[in-house]
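To start, the structure under review is shown below, and the notes come after it.
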Amino acid sequence: MAGAAQGGAELFFERLAASFATAGVTQTVMIKPDPGRMNRLAAAGVPAQGCAFSSLMAVLHKRQLATAIRKSRATVILSWMNRATGMTPRTGIPHVARLGGFYNLKYYRHCDWLVANTRGIADYLVREGVPADRVHHQINFVPDGIDGAIFDGSRHDGPVIAALGRLHPNKAFDTLIRAFARLDDGTLWLAGDGPDRQALAALAAELGVAERVRFLGWQEDPQAVIRGADLFVCPSRH
384 MAGAAQGGAE
394 LFFERLAASF
404 ATAGVTQTVM
414 IKPDPGRMNR
424 LAAAGVPAQG
434 CAFSSLMAVL
444 HKRQLATAIR
454 KSRATVILSW
464 MNRATGMTPR
474 TGIPHVARLG
484 GFYNLKYYRH
494 CDWLVANTRG
504 IADYLVREGV
514 PADRVHHQIN
524 FVPDGIDGAI
534 FDGSRHDGPV
544 IAALGRLHPN
554 KAFDTLIRAF
564 ARLDDGTLWL
574 AGDGPDRQAL
584 AALAAELGVA
594 ERVRFLGWQE
604 DPQAVIRGAD
614 LFVCPSRH
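Just so you know, the sequence shown maps onto residues 384 to 621 in this note's numbering.
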């Protein structure tokens, strides 16, 4: 995994690695160095090794990955998103890659199987020429709920609607804000951060709902947001 410090795919990766550990699956984890992620994985019983996944030093890092794979005696390789998948060397070991978007498939041609987290992505892979028997649709899972909510939806007039994710065009939060603007009351919580934050705030102001749309920023405990809301919405262009 060569992802950023924050992101939905990165958090799902952490949950899956922790679940593998709980299930007794032996794994060697290679990630872009991030102290917070390494500490969380270690706490879950998943020691991680650092690999910069730098395109400027691709040969060196491919060699590092090949060495780690050989030493681990892996029986299957699981990679996430473009950079890590593209740098994973051909080893003869079955290679599974997980996609969370309509990615450029040049990074995935050498993979044996592709896992898509939406039916739309799975259909896209087949349309782009990936054999259907190499494509699998597997939805994400979320952790169990927690007791107590940091956010109290009862303090707001009307229903509280919550959405989580990176503030990026693919997530379709602009569509959600436009739909929300058609409601006469209620509050919209957007938990997450990303390049679209200013544009989304401007859209809320343009539609006259700026006072009812709250940008919560990145949340370490998204379950608290969900539990405090009356309705959870998951918009997406995938």
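Ideal Cβ placement from N, Cα and C applies to all residues, glycine included.
- Annotation: the segment 458-484 contains the following complete segments of the beta strand (DSSP E) (minimum length 3 residues), in chain order: 460-463 and 478-482.
- Going by C-alpha positions, Arg-492 is about 45 Å away from Val-592.
- Residues of the same chain with a CB within less than 6 Å of the CB of His-520, apart from the 5 flanking positions on each side, are Ala-499, Arg-502 and Ala-505 in chain order.
- Residues Ile-460, Cys-494 and Asp-495 of the same chain have their beta carbon placed closer than 6 Å to that of His-478, with the five preceding and five following residues left out of the count.
- In this structure, DSSP gives Gln-432 an extended state, which the three-state scheme calls strand.
- If you draw a straight line from the Cα of Glu-594 to the Cα of Gln-606, it is about 24 Å long.
- In the three-state reduction of the DSSP assignment, Met-413 falls in the strand class.
- At a Cβ-Cβ threshold of 8 Å, Gly-391 and Arg-510 do not count as neighbours.
- By the neighbour-count criterion, in which 16 or more other beta carbons inside 10 Å mark a residue as buried, Val-442 falls on the exposed side.
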